[in-house]
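Here is the structure we will look at.
Residue numbers (the numbering used here): 1 to 132.
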């Protein structure tokens, strides 16, 4: 039971982190930035990402894939199948070590930032004999 809760929290924080850039734009347009900022602060301080996703109407589908923000088109969930495979031997990971999100440098070579804490994501070197 506890392991399922941990897995659900990890999935929820990944969904939230990935959706945050688009949610920030939507919140600014809809004048609910204060609500979004409150949820981000609560999750950053160790609060429940599942509760934040629920209150922000970010679905977690039964197949484990995130959905879209309820009633609002144009905000996709945490799909990363469009990202090119990493060239470096390692991964950028959550600096808070709370979610499973992985990212790569942008087109200008800048390291990715955590959407929750706004810190640079941490690069973790992978041994050369390990697969992707």
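We put the CB at the ideal spot given by N, CA and C, even for glycine.
Residue state for residue 116 is assigned as coil, using DSSP reduced to three classes. Taking residue 23 as reference, the option from 60, 56 and 122 with the minimal CA-CA separation is 56. Remark: C-beta atoms of residue 19 and residue 58 approach each other more closely than 8 Å. Within the stretch 17-60, the complete alpha helix (DSSP H) segments of 4 residues or longer fall at 33-44 and 49-55, listed in chain order. In this chain, the beta strand (DSSP E) harbouring residue 125 covers 122-125.
Nearest Cα to residue 119 within the set 44, 29 and 108: 44. Among the bridge pairs identified by DSSP, residue 102 is matched with 93.
Between residue 11 and residue 60, the beta carbon gap of about 6 Å places them in contact (Cβ cut-off 8 Å). With respect to the C-alpha of residue 6, the residue from 46, 114 and 38 having the closest C-alpha is 46. Per the coordinates, the alpha-carbon of residue 123 lies some 10 Å from the alpha-carbon of residue 112. Taking 8 Å as the upper bound for CB-CB distance, residue 121 and residue 94 are in contact here, some 7 Å apart. A distance of 8 Å or more separates the beta carbons of residue 49 and residue 36.
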